[in-house]
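In our numbering, the protein residues as written are 794 to 1428.
Note that beta-carbon positions come from the ideal geometry of N, C-alpha and C, so glycine has one too.
Only a predicted model underlies this, so the values are computations on that prediction, with no experimental measurement involved.
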Ligand code: PRX
């Protein structure tokens, strides 16, 4: 028997050793014993990090939805699969059983087929956190269409860029969405995006807000009447292990988002196995991850990982502050949530509100608490531990990425002793390495370096859609034969890892990855702007906030700076979305540059963080004089 469920610290070490000594044998056992296959693989793993190419379970045939739905029908057909909690607390929660979910996914899959979607076609999904979002994801997977979910907070421009990048044929959206007290005109955003997307043939529209919207004849279809007509059986398309399952966009250090491609078999095996162990999921548990399915956390740990384990997974449409800051805890009490997985930014925002919002609720059902998305600071970690976990529920600080598909460094609850702000130890099969600036591995403990992974794991993203060269350059060029994560990390005296943050041009704001390049591109579109540079600075709720240094074409004298700031933030909102707005905008006469003309963001970052004593030698700059001017005018 394989070690599918790890229950003790010694067992973790045993299984870990086995998984790295003979990874092929280890993953083969897991795959064989815990999933249904239409055909077995001919080879467990082939890989090359130089080329780069990774294949797991080659030649195997499967459909991930048979693993997430069909196989549970005989044993768990009436168990709740999806538990939907609406934005409005007075709206009755919806319990969708495995049988019902299976039928709804099949119906939806038949609608996709009827509208001409075939295996390999790309379908974009731009929906709020309503059941149709999870159902449409699974419906695509059912027929082998490649889903690309785009977070419903992105702007029309960001949406059309992504639709065009993957050349999607269809988009699935809704008439509108609720976010707390606000109603958002999602369909209006889609309409605007579609002015610029020649490949889109049809739009399916779910009804949610009953807002008045425009439906374009021959292109837009209300979803419900089509579902009503559709058959509730749909044979699963038989997929190759390495067929793409989905594309999910993430920011990078150039303006263009990267469409990370995840494939079927390895992704399924790894997300299911990590879910089971990292959350210690047991039958009858009610698991809740507060992320949006528009991000990788939602893909892997609201939809695929939990459903592959026959779990009950909660989907929440709203926000933590509506109708008040007790909403999360109200939901925990109401549904007797056992595992709760959220982001440090949410924890910090809730901690600020004080204990009265927590103390009203019975949180005794909780067994495991999780955090993901950015480093968690010590204060937030303790607040979570004391107020939510009552010091009884272990905190799993899970480090991973869109690119890794699943959790990579994490404690295993009730096994790994936790340590505040530390993601602790590599998960089974994961071989991390810390590298120095000269490309050498740093061995031993109590060291700090750049975090790489030495050996492939089953859910590593296989490529960037349409740009394998960029995939190679971004992840496999910095260090020989290693996957480079873009993060810095330290390893303490016992070998525990602590992630210190990004070492590239990505800034994490409220748990969202934001590349500086696309924001700067948006600012530079303003006719008064000559150039700009964005850096992050610490923020007590968002983790980081954005500081923009902007030089204007003429000196800017006589211009209304507040007005310009508003216009710049509006441009960012239009091009990317409100999540990328700047907290501070400083107008300067120049930006510090190297002699080859590269903007020295490192210096700007130090100034924005109030660390001007650590600027180092600035005399070699092309224009050292601007540094003092920038410091003098700091906001
Ligand atoms: O910098 C790391 C940070 O989030 C980045 C990945 O972001 P994304 O692809 O959006 O995926 C987020 C959800 C998996 C990482 O490179 N990050 C993620 N988890 C942690 C973290 N930083 C510190 N601690 C974590 N637990």
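Can the beta-carbon of residue 1402 be found less than 8 Å from the beta-carbon of residue 1331?
-> Yes, the Cβ-Cβ distance between residue 1402 and residue 1331 is below 8 Å.
Assigned exposure category for residue 1397 - 16 Cβ within 10 Å defines buried = With 16 or more other Cβ atoms within 10 Å, it is buried.
To the nearest angstrom, report how far apart residue 935 and residue 1372 are at their CA atoms.
-> Spanning the two alpha carbons is a distance of roughly 33 Å.
Beta carbon of residue 1165: closer than 7 Å to some heavy atom of the ligand PRX?
-> Look at residue 1165: its beta carbon is less than 7 Å from one of the heavy atoms in the ligand PRX.
Using the Cα positions of residue 1335 and residue 1286, report the straight-line distance between them to the nearest angstrom.
-> Their Cα atoms are separated by approximately 30 Å.
Straight-line CA distance for residue 1082 to residue 1109?
-> In this structure, the alpha-carbon of residue 1082 lies about 9 Å from that of residue 1109.
At which residue ranges does the region 1244 to 1331 contain complete alpha helix (DSSP H) runs of 4 or more residues, listed in the order of the chain?
-> Qualifying alpha helix (DSSP H) stretches, in chain order: 1261 to 1269, 1309 to 1317.
Report the partner residues of residue 846 according to the DSSP bridge assignment.
-> Beta-bridge analysis with DSSP links residue 846 to 841.
Which of the three DSSP states, helix, strand or coil, is assigned to residue 1112?
-> Secondary structure at residue 1112: coil, using DSSP grouped into helix, strand and coil.
Given a cut-off of 8 Å, decide if residue 1089 and residue 1096 are closer than it, judged by their beta-carbon atoms.
-> No, Cβ-Cβ distance for residue 1096 and residue 1089 is not below 8 Å.
Neighbour-count burial assignment, residue 1192, 16 or more Cβ in a 10 Å radius | Residue environment analysis places residue 1192 among the buried positions, since at least 16 neighbouring C-beta atoms fall within 10 angstroms of its C-beta.
Put residue 1130 into one of helix, strand or coil per three-state DSSP.
-> In the structure shown, the three-state DSSP call for residue 1130 is coil.
Where are the alpha helix (DSSP H) runs, 4 residues long or more, that stay fully inside the region 966 to 994, in chain order?
-> With a minimum length of 4 residues, the continuous alpha helix (DSSP H) runs that stay inside the region 966 to 994 are 979 to 986.
Kindly indicate which residue of 899, 964, 797, 1255 has the alpha-carbon position closest to the one of residue 1440.
-> Since the first residue shown for the chain is 794 and the last is 1428, residue 1440 is missing from the structure and cannot be characterised.
Residue 1101 vs residue 860 beta-carbon contact at 8 Å | Cβ atoms of residue 1101 and residue 860: closer than 8 Å.
Rounded to whole angstroms, what's the CA-CA distance from residue 958 to residue 1184? Just pull it up for me.
-> Rounded to the nearest whole angstrom, the CA to CA distance from residue 958 to residue 1184 is 47 Å.
Which residue comes first and which comes last in the alpha helix (DSSP H) that contains residue 1239?
-> For residue 1239, there is no enclosing alpha helix (DSSP H), as DSSP marks it with neither H nor E.
Option nearest residue 1199 by Cα separation, candidates 1011, 995, 844, 1067 = Among 1011, 995, 844, 1067, the Cα nearest to that of residue 1199 is on 1067.
Would you kindly work out how many angstroms separate the C-alpha atoms of residue 1111 and residue 1214, rounded to a whole number?
-> Near 28 Å, if we compare the C-alpha coordinates of residue 1214 and residue 1111.
Between residue 1194 and the ligand PRX, is the CB less than 7 Å from at least one heavy atom?
-> Yes - the ligand PRX has a heavy atom lying nearer than 7 Å to the Cβ of residue 1194.
Between the beta-carbon of residue 1165 and the beta-carbon of residue 1122, is there less than 8 Å?
-> No.
Could you tell me which residues DSSP puts in a beta bridge with residue 899?
-> None; residue 899 has no bridge partner.
Cβ contact (3+ pairs, closer than 8 Å) linking the region 1045 to 1055 and the region 1246 to 1254 | Between the region 1045 to 1055 and the region 1246 to 1254 there are three or more inter-stretch CB-CB distances shorter than 8 Å, so the stretches are counted as touching.
Should the region 851 to 866 be regarded as contacting the region 1026 to 1041, the criterion being three or more beta carbon pairs within less than 8 Å?
-> Per the Cβ contact rule, the region 851 to 866 is in contact with the region 1026 to 1041 (3 or more Cβ pairs under 8 Å).
Do you know whose CA, among 1298, 1281, 1296, lies nearest residue 1290's CA?
-> Selected option, being the one with the closest Cα: 1281.
Proximity of residue 969 and residue 1012 at Cβ, strictly below 8 Å = For residue 969 and residue 1012, no; Cβs fall outside 8 Å.
Among 960, 1072, 1010, 1050, which residue has its Cα nearest to the Cα of residue 798?
-> It is 1072 whose Cα lies nearest to the Cα of residue 798.
From this set, 1137, 1154, 1158, which residue's C-alpha is nearest residue 1174's C-alpha?
-> Taking residue 1174 as reference, the option from 1137, 1154, 1158 with the minimal CA-CA separation is 1137.
Cβ pair residue 1209, residue 1217 closer than 8 Å | If you check the CB distance, residue 1209 and residue 1217 come in under 8 Å.
Ends of the beta strand (DSSP E) at residue 888?
-> From DSSP, the beta strand (DSSP E) with residue 888 extends over 887 to 890.
Taking 8 Å as the CB-CB cut-off, is residue 1320 touching chain D?
-> Note that chain D does not occur in the displayed structure, where there is just one protein chain.
Separation of residue 978 from residue 1375, as counted between CA atoms | Rounded to whole angstroms, residue 1375 to residue 978 spans 23 Å at the Cα level.
Verify whether the separation of the beta carbon atoms of residue 1366 and residue 1423 is less than 8 Å.
-> Result no, Cβ atoms of residue 1366 and residue 1423 do not sit closer than 8 Å.
Could you tell me how far apart the beta carbons of residue 876 and residue 1105 are, in whole angstroms, since I believe they sit closer than 8 Å?
-> Cβ-Cβ separation between residue 876 and residue 1105: approximately 6 Å, consistent with a contact (criterion under 8 Å).
Is it right to say residue 878 is buried, meaning 16 or more other beta carbons lie within 10 angstroms of its own, or is it exposed?
-> Counting every other CB atom within 10 Å of its CB across the protein chains shown gives residue 878 a total of 16 or more, marking it as buried.
Segments assigned alpha helix (DSSP H), at least 4 residues, entirely inside the region 1334 to 1408 | As far as the region 1334 to 1408 is concerned, its whole alpha helix (DSSP H) runs of at least 4 residues are 1354 to 1368, 1394 to 1401.
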